[in-house]
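Trainee:
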Amino acid sequence: MNNEQLREKLLYAPKNGYDRLTEQERQEMNDYCKNYMAFMDAAKTEREAVQFSMRAAEAAGFRSLDSFQELKPGDRVYYNNRNKSILFAVIGEKLLSEGANIVASHIDSPRLDVKPNPLYEDSGIAYFKTHYYGGIKKYQWTTIPLAIHGVVYKKNGEVVTVTIGEEETDPVVYISDLLIHLSGDQMKKTLAEGIAGEQLNVILGTEPIADEEGADRVKLAVMCLLNEKYGLIEEDFLSAELTIVPAGKSREVGLDRSLLGAYGHDDRVCAYASFASLLELGAPKHTAVCVLADKEEIGSVGISGMQSRCFELFMERLCQMQGVNRRACFANSFCLSCDVCNAFDPNFAETCDKRNNGQLNFGVAITKYTGSRGKGGASDASAEVMGHIRSVLDAKGVVWQTATLGKVDQGGGGTVAAYMANRNIPTVDAGVPVLSMHAPLELVSKLDCYMTMRASKAVYESEI
Ligand code: MN
Ligand code: MN
Numbered sequence: 003m004n005n006e007q008l009r010e011k012l013l014y015a016p017k018n019g020y021d022r023l024t025e026q027e028r029q030e031m032n033d034y035c036k037n038y039m040a041f042m043d044a045a046k047t048e049r050e051a052v053q054f055s056m057r058a059a060e061a062a063g064f065r066s067l068d069s070f071q072e073l074k075p076g077d078r079v080y081y082n083n084r085n086k087s088i089l090f091a092v093i094g095e096k097l098l099s100e101g102a103n104i105v106a107s108h109i110d111s112p113r114l115d116v117k118p119n120p121l122y123e124d125s126g127i128a129y130f131k132t133h134y135y136g137g138i139k140k141y142q143w144t145t146i147p148l149a150i151h152g153v154v155y156k157k158n159g160e161v162v163t164v165t166i167g168e169e170e171t172d173p174v175v176y177i178s179d180l181l182i183h184l185s186g187d188q189m190k191k192t193l194a195e196g197i198a199g200e201q202l203n204v205i206l207g208t209e210p211i212a213d214e215e216g217a218d219r220v221k222l223a224v225m226c227l228l229n230e231k232y233g234l235i236e237e238d239f240l241s242a243e244l245t246i247v248p249a250g251k252s253r254e255v256g257l258d259r260s261l262l263g264a265y266g267h268d269d270r271v272c273a274y275a276s277f278a279s280l281l282e283l284g285a286p287k288h289t290a291v292c293v294l295a296d297k298e299e300i301g302s303v304g305i306s307g308m309q310s311r312c313f314e315l316f317m318e319r320l321c322q323m324q325g326v327n328r329r330a331c332f333a334n335s336f337c338l339s340c341d342v343c344n345a346f347d348p349n350f351a352e353t354c355d356k357r358n359n360g361q362l363n364f365g366v367a368i369t370k371y372t373g374s375r376g377k378g379g380a381s382d383a384s385a386e387v388m389g390h391i392r393s394v395l396d397a398k399g400v401v402w403q404t405a406t407l408g409k410v411d412q413g414g415g416g417t418v419a420a421y422m423a424n425r426n427i428p429t430v431d432a433g434v435p436v437l438s439m440h441a442p443l444e445l446v447s448k449l450d451c452y453m454t455m456r457a458s459k460a461v462y463e464s465e466i
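Under this note's numbering, residues 3 to 466 are what the sequence shown spells out, in order.
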């Protein structure tokens with residue numbers, strides 16, 4: 003054996019996915035990414051993602067859990083958890099006591115939530131007060147076009163859906179920053195302090211209501227517009243869930259169109275991958291479960307987060323219909339916690355260990371552990387679990403790589419993995435590497451999006 007053969011045989015050398023992509027795969031990748039972009043344009047909040055996926059699932063033969071008395075292989079089930087999270091299952095040939103293949107991702111993204119009493123006027127400008135949701139660099143949310151998405155529950159029980167800023171003819175809203183000419187003091191502050199949370203006030207209008215001398219004429223004029231269009235009064239904000247997100251559609255990025263720019267790839271890029279691949283299943287060997295969770299960005303808490311018992315209830319009901327034990331089901335299951343990781347950014351090379359970082363175009367990234375400062379808070383996948391996912395992905399020719407979240411002691415983060423593992427379900431993180439994660443416009447590579455969809459499908463179709 004010469005040295006080249008030795009190298010080939012003994013050394014691990016991840017390859018750029020484009021060097022392995024067949025023409026047919028390239029076609030599939032482009033088709034898949036077109037559909038993904040349509041999803042991103044339609045679903046900017048968890049509510050919109052639930053609606054989109056529920057409608058697509060119903061069109062593909064899924065029915066609500068309540069309508070089932072018994073389950074047979076190939077049955078397609080969903081459970082809408084209060085319009086904020088949603089669970090899907092395709093029933094497998096084996097009983098659930100032999101385990102399910104679960105792919106869990108999240109459909110909430112960092113954004114600005116409108117406060118309960120938000121509307122005010124200052125110096126002839128009407129504003130919404132906001133409270134940011136999830137981890138953001140606050141300065142990034144100034145001076146960009148923003149949209150309002152959400153729902154309002156009126157006192158009479160009527161629900162109003164609000165979307166402003168997405169149609170070409172819609173106005174957008176905006177958060178101002180200080181002009182550079184007067185920024186002497188601001189420029190000396192840290193990036194964390196340059197824009198404060200209470201400065202993230204959204205400009206709604208400036209034209210005062212006519213023929214009136216009273217106070218807050220601009221605020222009143224804005225309230226009139228909201229009343230005309232949506233029938234709202236100011237008190238209705240108390241029972242509203244309005245969010246401020248970047249306005250506009252997803253875009254192809256790069257002269258070669260190899261990248262996708264969009265708001266909220268984290269984690270709808272993995273949510274869409276796990277959902278789209280589920281729709282293509284016939285009757286898998288093991289039941290395939292797709293979880294689209296809410297509240298990951300603030301700790302997976304609350305009734306729609308991954309820590310909610312709602313997941314147990316859903317699985318319990320499926321197990322009951324098969325007359326099997328839910329605990330046995332969990333113990334024998336496998337979970338891919340499908341969430342994004344950071345893509346290596348040469349502009350910030352010093353923050354990463356390049357040997358162990360996810361890279362654009364190297365495929366779906368398997369992350370053994372996340373956490374911070376000595377793996378704190380991580381669900382550290384075992385060698386056995388890593389071995390399982392390696393063979394599952396290789397068997398289906400999925401392009402994959404490994405990733406860690408930055409260099410040791412640089413920072414850290416988490417996913418839903420720990421909450422699945424806490425349920426006695428072997429779990430590992432995997433997902434799409436992202437540039438500028440949590441920024442208003444995030445970047446991913448088409449190849450990695452496509453391979454993450456392929457990875458989800460490989461998991462759903464695998465033996466456990
Ligand atoms: Mn995420
Ligand atoms: Mn995130």
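Beta carbons: idealized from backbone N, C-alpha and C, even for Gly. Here the structure is a predicted model, which means the values were calculated and not measured.
List in chain order the residues whose CB is within less than 5 Å of at least one heavy atom of ligand 1.
Mentor: Per the Cβ criterion, the list is D268, D269 and D341.
Trainee: Figure out for me which residue from L12, C331 and E299 has the closest Cα to the Cα of N103.
Mentor: Considering only alpha carbons, the answer is C331.
Trainee: Given that a residue counts as buried once 16 or more other Cβ atoms are within 10 Å of its Cβ, and exposed if not, what is R425?
Mentor: That one is buried.
Trainee: Could you pull out every residue in the same chain whose Cβ sits closer than 7 Å to the Cβ of M317, ignoring the five residues on either side in sequence?
Mentor: Taken in chain order, the residues that qualify are R328 and C331.
Trainee: Based on DSSP bridge pairs, tell me the residues matched to G414.
Mentor: In the DSSP output, where bridge partners are listed per residue, G414 has S374.
Trainee: With burial defined as no fewer than 16 other Cβ atoms inside 10 Å of the residue's Cβ, what is the status of F54: buried or exposed?
Mentor: F54 is buried by the Cβ-count criterion.
Trainee: Should K2 be labelled buried (16 or more other beta-carbon atoms within 10 Å of its own) or exposed?
Mentor: An answer regarding residue 2 cannot be provided, because it is not within the stretch 3 to 466 covered by the chain.
Trainee: Tell me which residues share the same chain as A380 and place their Cβ nearer than 6 Å to its Cβ, disregarding the 5 neighbours each side in the sequence.
Mentor: Only Y371, T372 and G373 meet the Cβ criterion.
Trainee: For A367, which residues of its own chain have a beta-carbon under 6 Å away from its beta-carbon, when the five flanking residues on both sides are left out?
Mentor: For A367, where only same-chain residues beyond five positions count, the Cβ hits under 6 Å are C343, G360, Q403, A405 and P435.
Trainee: My output table needs one value for Q403: the three-state DSSP class, helix, strand or coil.
Mentor: The answer is strand: DSSP assigns Q403 an E or B state.
Trainee: Between which two residues does the alpha helix (DSSP H) harbouring K231 extend?
Mentor: Note, K231: alpha helix (DSSP H), R219 to Y232.
Trainee: For the candidate residues L114, V446, P118 and Y462, whose alpha-carbon lies nearest to that of L240?
Mentor: Ranking L114, V446, P118 and Y462 by Cα distance to L240 puts P118 first.
Trainee: What are the start and end residues of each continuous beta strand (DSSP E) run of 3 or more residues lying completely inside the region 143-177, in chain order?
Mentor: Counting only runs of 3 or more, we get 148-155 and 161-166.
Trainee: Can you give me the C-alpha to C-alpha distance between F277 and A423, rounded to a whole angstrom?
Mentor: About 21 Å.
Trainee: Helix, strand or coil for G365, going by three-state DSSP, please let me know.
Mentor: Note: G365 maps to coil in three-state DSSP.
Trainee: Compute the distance between the beta-carbons of T454 and C272, then report whether it is under 7 Å.
Mentor: Contact flag set, yes.
Trainee: Would the region 246-254 and the region 77-91 be scored as touching if the rule is three or more Cβ pairs under 8 Å?
Mentor: Counting Cβ pairs under 8 Å, fewer than three are found: no touch.
Trainee: Using alpha carbons as the reference points, say which of A457, G414 and A441 lies closest to A432.
Mentor: Ranking the options by Cα distance to A432, first place goes to A457.
Trainee: Out of D268, M388, F64 and G233, state which residue places its alpha-carbon closest to the alpha-carbon of H108.
Mentor: Measuring from the Cα of H108, the nearest candidate turns out to be D268.
Trainee: Is any heavy atom in ligand 3 found nearer than 6 Å to the beta carbon of E48?
Mentor: Of the ligands one can find in the structure shown, namely ligand 1 and ligand 2, none is ligand 3.
Trainee: Would you mind giving the Cβ-Cβ distance between A295 and V446, rounded to the nearest angstrom? I have them listed as a contact below 8 Å.
Mentor: About 20 Å separates the two Cβ atoms, so there is no contact after all.
Trainee: Based on the DSSP output, what are the partners of F130 in its beta bridges?
Mentor: In the DSSP output, where bridge partners are listed per residue, F130 has L121 and V204.
Trainee: The alpha helix (DSSP H) spanning D431 covers which residue range?
Mentor: Note, D431: premise wrong, no alpha helix (DSSP H); beta strand (DSSP E) at T429 to G433.
Trainee: Can you give me the start and stop residues for the alpha helix (DSSP H) that F277 sits inside?
Mentor: Note, F277: alpha helix (DSSP H), H267 to L281.
Trainee: Cβ-heavy atom distance between E444 and ligand 2 below 6 Å?
Mentor: Result no, Cβ not under 6 Å from ligand 2.
Trainee: Please name the residue in K459, T353, L228 and D347 whose C-alpha comes closest to that of T163.
Mentor: If we check each option's Cα against that of T163, L228 comes out closest.
Trainee: Go through its chain and collect everything with a Cβ distance to D347's Cβ below 7 Å, but skip five positions before and after it.
Mentor: Taken in chain order, the residues that qualify are L437.
Trainee: What's the C-alpha gap between A62 and A15?
Mentor: Computed Cα separation, rounded: 40 Å.
Trainee: With a Cβ-Cβ cutoff of 7 Å, do L202 and L148 count as a contact?
Mentor: Not in contact: L202 and L148 (Cβ atoms no closer than 7 Å).
Trainee: I need the boundaries of the beta strand (DSSP E) containing S447, first residue and last residue.
Mentor: Here the beta strand (DSSP E) through S447 covers E444 to S447.
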